[in-house]
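Residue numbers for the sequence shown follow the working numbering, beginning at 299 and rising by one. Glycine included, each C-beta is placed from N, C-alpha and C at the ideal position. Computed from a predicted model, the values in this text were never measured in an experiment.
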Amino acid sequence: MKLPIFIADAFTAKAFRGNPAAVCLLENKLDEDLHQKIAKEMNLSETAFIRKLHPNDNFTQSSCFGLRWFTPQNEVPLCGHATLASAAVLFHKIKNVNSTLTFVTMSGELKARKEEDGIVLDLPLYPAHPQKLHEVEDLIKTAIGDTLVQDVRYSPDTKKLLVRLSDTYNRSFLESLTVNTENLLQVKPTGKVKGLILTLKGEPGGPTQAFDFYSRYFTPWNGVAEDPVTGSAHAVLSSYWSEQLGKKDLHAFQCSNRGGELTMSLRSDGRVDIKGGAALVLEGTLTA
């Protein structure tokens, strides 16, 4: 079996920045176990599988497709950057004629809209609720030691723990912070936490571009120590920082080594538009 496969860097306009995702186009149904084997072979934080929903569909003319995401270890219910990468492949490489695509996923229908300066994803907005520190103190201390923490929230829908660092820190501190992900799997393995978001309030403009907030994201529970730029984490972050800053339109930077930039607009229907660019870096054929 030969399958078209691509790699696109999401939430960036430049190759080798942002978050790489593999995108596989499925003309026919794939054996279930092959999804995970291919994702493990690609060894990226996510491999996306786009499938036709009806026999007469085609990747150029159709506007609605099935979409699944796999880490090298397991399937996940939502992945923003791999959705962006999937839309970029369909829009820019396959030359899909539609301006908006709909993906049927484990998280419901997600839309991707093509604009001149990027792609806008329509994602669920996930609130993060106050979390009692004593219940997650060991996990936080294992991850970041004695780093000062200003707020802790938990998103039950996504199983993500949001840890806001003290406002006394700046972007360079977050970028250089050493996070111990290897030992996180041994800390209270209850299954409650599947992702750790570290976030920091943004700094005013000046010689560098102003951002409303910064973040880094870690999910060793899904086999990914640090994810470079994470759309699903920003579906939580945008809810939190909108509340904290009193604004609906937000501009963020994820401070991984690769780095990525996102803009968010909270909507009245309880969802969020997340916009970013994408750069196609590889295309080929996978023999399975």
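Nearest to residue i (by Cα), restricted to the options the options
i: K486; options: I495, A508, D436 and E501; result: D436
i: S453; options: G493, G544 and N394; result: G493
i: R349; options: E339, D455, G364 and T583; result: G364
i: G406; options: E414, L376 and K412; result: L376
i: E414; options: A386, K439 and L421; result: A386
i: S536; options: P518, E433, D465 and D420; result: D420
i: K546; options: N555, C553, A533 and H379; result: A533
i: T310; options: L351, A383 and D449; result: A383
i: G574; options: A380, R469 and I417; result: I417
i: Y512; options: Q552, S464 and L564; result: Q552
i: A577; options: T358, R569, L388 and L496; result: L388
i: I438; options: E325, I495 and N354; result: I495
Coil, strand or helix - residue i by DSSP
i: G574; result: strand
i: D444; result: coil
i: L351; result: coil
i: L482; result: helix
i: L431; result: helix
i: T400; result: strand
i: D510; result: coil
8 Å contact criterion, which residue i and residue j should meet: CB distance rounded
i: L482; j: A441; result: 6 Å
i: L543; j: A550; result: Contact doesn't hold; Cβ gap of about 11 Å is too wide.
i: I336; j: C322; result: 6 Å
i: L463; j: L446; result: 7 Å
Beta-carbon spacing of residue i, residue j below 8 Å
i: T583; j: P302; result: yes
i: V491; j: K457; result: yes
i: L423; j: L564; result: yes
i: N394; j: T345; result: no
Exercise. Any chance the stretch 526-538 sits against the stretch 300-320, with 3 or more Cβ pairs inside 8 Å?
Worked result: yes
Problem set entry | Validate contact between the stretch 473-484 and the stretch 425-435 using beta carbons, cut 8 Å, 3 pairs | no
Problem set entry | Contact the stretch 387-404 vs the stretch 335-343: 3+ CB pairs below 8 Å | no
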